[in-house]
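What follows is one structure encoded as structure tokens, with my remarks underneath.
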Amino acid sequence: MPKPANLSDFVPRHIGPSDAEQQEMLAALQLSSLDDLVEQTVPASILLTEDLALPAGKAEHEVLAELKAIAAKNKINKSFIGMGYYNTHLPAVIKRNVLENPGWYTAYTPYQAEIAQGRLEALLNYQQMIIDLTGMEIANASLLDEATAAAEAMTL
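Using our numbering, the first residue of the sequence shown is number 75, and each one after it goes up by one.
Here is the structure:
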């Protein structure tokens, strides 16, 4: 059974350089602190001299309550736009797979490795089949989407 990953390695790998690594980088730049780095790289005309006056942080549920209170102040007026539009619930699966389906608006190969690899392999197999059937030395299947390929085939 493989040894489980050391979870304590996660934080240093993903949270940025350690203090020692920062000091090493600063030494290579001949600087003593991150403040010196900022002073030498950020123009004085855009450098803030005082701290930002930000409110204290809030929990997510507090922010949501505030936003709901603001949204509750909205007035719901009668709308005549469309005259046939009614509020409806659209299931997410329909929205994503029908209305937002990338096949409707892009001809590019999907970037999921499994899908892209399968589609590219199918194109390669098609090209090889055409070479075998026609006896030609080469063949090309350069159109990535089926609709464009079908339209081009009909014009031939």
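Where a beta carbon is used, it is the ideal one built from N, C-alpha and C, also for glycine.
All values derive from a computational prediction rather than experimental measurement.
By how many angstroms is the C-alpha of residue j removed from the C-alpha of residue i?
i: A115; j: L126; result: According to the sequence provided, residue 115 is Thr. The question's Ala does not apply to it. Near 20 Å, if we compare the C-alpha coordinates of L126 and T115.
i: T123; j: P117; result: 12 Å
i: Q273; j: A130; result: The shown model of the chain, from 75 to 230, leaves out residue 273, and the question about it has no answer.
i: E231; j: S106; result: Here the chain comprises residues numbered 75 to 230, so residue 231 is not present and cannot be evaluated.
i: N161; j: E174; result: 19 Å
i: E296; j: A143; result: Lying before the first or after the last residue shown, residue 296 is absent from the chain, which here runs from 75 to 230.
i: S119; j: A101; result: 27 Å
i: A166; j: Y179; result: 19 Å
i: E211; j: Y200; result: 14 Å
i: V172; j: E98; result: 53 Å
i: E220; j: L164; result: 28 Å
i: I168; j: R193; result: 24 Å
i: P176; j: T222; result: 15 Å
First and last residue of the alpha helix (DSSP H) that includes residue i?
i: H135; result: 134-146
i: M99; result: 93-102
i: D125; result: D125 -> no alpha helix (DSSP H), and no H or E assigned at all.
i: L108; result: 108-115
i: A221; result: 220-229
Give the secondary structure of residue i by DSSP, where H, G and I count as helix, E and B as strand, and everything else as coil.
i: I189; result: helix
i: G177; result: helix
i: L197; result: helix
i: E211; result: coil
i: I168; result: helix
i: I204; result: helix
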